[in-house]
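Asks: Counting with numbering that gives the first Met the number 0, you get residues 0 to 100 for the letters of the sequence shown.
Glycine included, each C-beta is placed from N, C-alpha and C at the ideal position.
Treat the numbers as computed from the prediction; the structure is a model and nothing was measured.
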Amino acid sequence: MPSFFFFDSFLSRLNQARFIQQEVELTQTQFLKFHFWASAKRFRVTGRGKIVRRGAGKQHLLYKKNNKRKLRLSKMQAVSRSDYDNVIGALPYLKVNRKAK
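#1: I'd like to know if the region 41-58 and the region 68-86 are in contact, where contact means that at least 3 CB-CB pairs between them fall below 8 Å.
#2: So which of 59, 90, 58 has the shortest CA-CA distance to residue 40?
#3: Roughly how many whole angstroms lie between the Cα atoms of residue 68 and residue 57?
#4: Whole angstroms are fine: how far does the CA of residue 54 sit from the CA of residue 71?
#5: Please work out which residues of its chain come closer than 7 Å, Cβ to Cβ, to residue 2, disregarding the five sequence neighbours upstream and downstream, and give them in chain order.
#6: State the DSSP-derived secondary structure class of residue 78, mapped to helix, strand or coil.
#7: Are residue 35 and residue 83 close, meaning C-beta to C-beta below 9 Å?
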């Protein structure tokens, strides 16, 4: 067999690899379609990259809670480290510093 057959198969494999690489690049740059507006309303990112949320328990039955407790529940609270992966999964475009303390 002449040597150009080997070179021809090499070129076809090279073109195939280039095509696959272009396909991967296209899929990476596409817009991720998530219904993340509900999550985006509930979480914010601080200047240092921490994720914060509102305190739970200040929607109803406020007559039995004292002012100090209601004030504490009004403040933003940091999201637990164990919940970071869930929040980041729901908000793919969130710029988060995972190493923030």
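Replies: Walking through what the data contain:
#1: Enough Cβ pairs lie closer than 8 Å, so yes.
#2: Here the closest residue by C-alpha is 90.
#3: Answer to the nearest angstrom: the Cα atoms are 9 Å apart.
#4: As the crow flies, the alpha-carbon of residue 71 is around 8 Å from that of residue 54.
#5: Only weak support exists for where residue 2 lies, its pLDDT of 49 falling under 50; the value from the coordinates is given anyway. None.
#6: Correct three-state label for residue 78: coil.
#7: Contact flag unset, no.
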